[in-house]
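Peer 1: Here you go, one structure.
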Amino acid sequence: MDGLKAQIAKFNEEKAKAIPQDILETMERSVRDLKERGAGKKSLKKGDRAPEFTLPDHNGMERTVTYYPDNSPIVLSFYRGGW
Numbered sequence: 001m002d003g004l005k006a007q008i009a010k011f012n013e014e015k016a017k018a019i020p021q022d023i024l025e026t027m028e029r030s031v032r033d034l035k036e037r038g039a040g041k042k043s044l045k046k047g048d049r050a051p052e053f054t055l056p057d058h059n060g061m062e063r064t065v066t067y068y069p070d071n072s073p074i075v076l077s078f079y080r081g082g083w
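In terms of the UniProt record's numbering, the sequence shown is residues 1 to 83.
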């Protein structure tokens, strides 16, 4: 088993010990529902080119994806909720 798969398996084992069974079942059902609806099927894969888009950078300046040099990595951070 490669490193990431082993880490995920270990995480899942620890999660199963720490989270009540009814909560685990709800989480598993939610993941299953997302998969059945095709969530992620249209996601970009490694090596895909991103479509043109504009987002604010860390200073709040609007930047398009073409602002950055070709083959330059771009990191997108997604935050859940508002703190």
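Quick reminder that beta carbons are idealized off the backbone N, C-alpha and C, glycines included.
Give me the DSSP bridge partner(s) of LEU55.
Peer 2: Partner(s): ARG63.
Peer 1: Do you know offhand how far LYS46's Cα is from TYR79's?
Peer 2: If you take the alpha carbons of LYS46 and TYR79, they lie about 22 Å apart.
Peer 1: Please report the straight-line C-alpha distance between residue 86 and PRO20, rounded to a whole angstrom.
Peer 2: Only positions 1 to 83 of the chain appear in the structure, and residue 86 is not among them; the question remains open.
Peer 1: Any beta carbon from chain D within less than 8 Å of TYR67's own beta carbon?
Peer 2: In the structure shown, chain D does not exist; there is a single protein chain.
Peer 1: If the criterion is Cβ atoms closer than 8 Å, does the pair LEU76 and ARG63 meet it?
Peer 2: Contact: no.
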